[in-house]
Amino acid sequence: MNEIEDFIVTEPYMPSEGEKKAIAELEAKGIAPKNWNSKKKDVVSFKKNLREDMYEKQNKLCAYCRIHVPLACVPMHREHIVHKDAHPKWMFLPQNLCIACPVCNDYKGTKEVLVNKNIEEYPKDGRGFNIIHPMYDRYSDHIELVGGILYRGKTPKGRFTIDTCHLYRVDLAEERVDQRIKEDKGEIMAGIITLLSKSEEYVDDNMKFIQYVCDIVKKYKQENVNDDNK
Ligand SMILES: [Zn+2]
């Protein structure tokens, strides 16, 4: 995995004075999950600015699968790392907010990610979380990309993240195959083929993955044969 993918966000989003005030007003009344959809101008701006800020700080990648999603095509979801329904008090806490692709976000759902769900204070480091926290944890300490393509958990936290966000989904592997071919211009073909021997343990639909890789290899060979004949 490259440095861009292996980011740790060092500064959470810093709300403006107006945004802080609007959030403090909601909190003073007793915060509830529905407040997230408040139409107050400063709450709306908090959410918009947070998404733009975190998109840049996360190198335009999803916090969990580390795949690039163009903001212009698919809106990245604002993601409550600790879910807002069970823990509304951290709903507007910048440390608890990042962005995730819609698919990882949907799979994660309302799953509890705290080691101790009864704590009062938001954890100050990664030890409080079962999931990789984009502000506390180094992704590559917990997850290895086998052949640059398949997600393998190196630690319980890595495995928890993979299981929670379904990082074994075959379309993610396919996306990474595409990415690697673009980056390496086919030089990694042999590497991709060797992955097929172990892909079964890493993807949810191994037949689909094998078929996909075979198609890519066939297409690559055809293109190169055509080039040689020119
Ligand atoms: Zn994702």
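Counting in the numbering used here, the sequence shown runs from 30 upward without gaps. C-beta: ideal position from N, C-alpha, C; glycine also. Since we're looking at a predicted model, the values are computed, not measured.
Can residue i be considered in contact with ligand 1, in the sense that its beta carbon sits closer than 7 Å to one or more heavy atoms?
i	result
I96	yes
A202	no
I103	Before going further, note that residue 103 is Val rather than Ile in the sequence given. Checking every heavy atom of ligand 1 against the Cβ of V103, none is found closer than 7 Å.
C194	yes
K93	The displayed chain sequence assigns Tyr, not Lys, to residue 93. Yes - ligand 1 has a heavy atom lying nearer than 7 Å to the Cβ of Y93.
A115	no
A219	no
A129	yes
In whole angstroms, what separates the C-alpha of residue i from that of residue j?
i	j	result
K153	I37	14 Å
K259	N253	For K259, the pLDDT reaches just 49, beneath the cut-off of 50, and the residue's location in the model is therefore unreliable, leaving the point undetermined.
V142	K63	21 Å
K58	E46	19 Å
T16	K183	The chain is shown from 30 up to 259; residue 16 falls before or after that span and cannot be answered.
A61	P117	6 Å
N78	P44	8 Å
F75	E48	6 Å
V103	V199	19 Å
C194	I210	25 Å
V246	V206	11 Å
K237	V72	44 Å
Is the Cβ of residue i closer than 8 Å to any Cβ of chain B?
i	result
G182	As a matter of chain content, chain B is missing from the structure shown, which is built from one protein chain.
Do residue i and ligand 2 come close, with the Cβ less than 7 Å from some heavy atom?
i	result
V132	Annotation note on ligand 2: not contained in the displayed structure, which lists ligand 1 as its ligands.
By the 10 Å Cβ neighbour count, where 16 or more other Cβ atoms means buried, how is residue i classified, buried or exposed?
i	result
G220	exposed
A51	buried
M30	exposed
R19	The question about residue 19 has no answer here: the residues shown for the chain are numbered 30 through 259.
Report yes or no: do three or more beta-carbon pairs, one from the region 132-141 and one from the region 166-178, lie closer than 8 Å?
no
Taking one C-beta from the region 170-178 and one from the region 117-132 each time, how about it: are there three or more such pairs within less than 8 Å?
By the Cβ rule, the region 170-178 does not count as touching the region 117-132, because fewer than three pairs are nearer than 8 Å.
Across the region 67-74 and the region 87-97, are there enough close Cβ pairs to call them in contact, namely three or more that are closer than 8 Å?
no
Quick check on the DSSP output: what are the complete alpha helix (DSSP H) runs of length 4 or more inside the region 127-194, in order along the chain?
Here the runs fully enclosed are 131-137, 168-171, 185-194.
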